[in-house]
Amino acid sequence: MPRAAAIAILGGFSLLGLLAAGWGLSDISAALTAMRGCADEAVIDNSAFWFLGLAALPLFLLLAPLPHRWHARLLGAITALFLLLPAGGFVLFQHKASAAGYVFIPDLSLFGLRDFSAPRPQPCGG
7 MPRAAAIAIL GGFSLLGLLA AGWGLSDISA ALTAMRGCAD EAVIDNSAFW
57 FLGLAALPLF LLLAPLPHRW HARLLGAITA LFLLLPAGGF VLFQHKASAA
107 GYVFIPDLSL FGLRDFSAPR PQPCGG
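Here the sequence shown is numbered in the numbering used here, starting from 7 and rising by one per residue.
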């Protein structure tokens with residue numbers, strides 16, 4: 007495969023990764039907005055947090071201009087970022103949900119790919 011075609015394909019996947027990360031961010035933002043507005047129920051699908059990790063995909067484009075000796079470091083950084091973005095988003099969301107008084111049933115977790123919901127606390131602190 008020609009180099010230009012490979013880079014174009016990787017660029018397309020990078021764009022899709024950024025779009026998926028934006029989708030995850032919008033899901034997280036919608037749940038936070040619902041909690042701030044004292045919604046009857048806050049719902050979040052934990053796949054939204056994993057979508058944040060896809061924001062690391064465009065970094066693969068840096069492999070093309072870098073010398074080979076830097077590839078292992080860059081791949082390590084991409085992997086770390088892929089894991090840290092979802093974990094960081096999850097911890098931040100969990101903190102904001104607790105501060106708003108919402109308790110998710112079952113307990114919110116990063117693994118298991120499912121929906122989690124929390125009823126409105128009484129009284130709602132908003």
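Think of the CB as a built atom: it goes at the ideal place given N, C-alpha and C, for glycine as much as any other residue.
What residue range is occupied by the uninterrupted alpha helix (DSSP H) comprising residue i?
{"i": "Ser123", "result": "Run containing Ser123: none in the alpha helix (DSSP H); it sits in the beta strand (DSSP E), Asp121 to Pro125."}
If you compare alpha carbons, which of the options is closest to residue i?
{"i": "Arg120", "options": "Ala36, Ile50 and Cys44", "result": "Ile50"}
{"i": "Arg9", "options": "Arg42, Ala86 and Leu67", "result": "Leu67"}
State the start and end residues of the unbroken beta strand (DSSP E) segment that holds residue i.
{"i": "Ala12", "result": "Per DSSP, Ala12 belongs to no beta strand (DSSP E); it is in the alpha helix (DSSP H), Arg9 to Arg42."}
{"i": "Ala48", "result": "Glu47 to Asp51"}
Taking 8 Å as the threshold (C-beta atoms), are residue j and residue i in contact?
{"i": "Ala54", "j": "Gly28", "result": "no"}
{"i": "Phe111", "j": "Ala124", "result": "Checking the displayed sequence, the identity of residue 111 turns out to be Ile instead of Phe. Contact: yes."}
{"i": "Asp46", "j": "Arg126", "result": "yes"}
{"i": "Ile13", "j": "Ala70", "result": "yes"}
{"i": "Tyr108", "j": "Ala48", "result": "yes"}
{"i": "Ala106", "j": "Phe57", "result": "no"}
So, does the region 101–115 touch the region 67–82, judging by three or more C-beta pairs under 8 Å? no
At a cut of 8 Å, does the region 17–25 reach the region 88–95 through at least three beta carbon pairs? no
Residue ranges of each alpha helix (DSSP H) within the region 45–91, 4 or longer: 53–59
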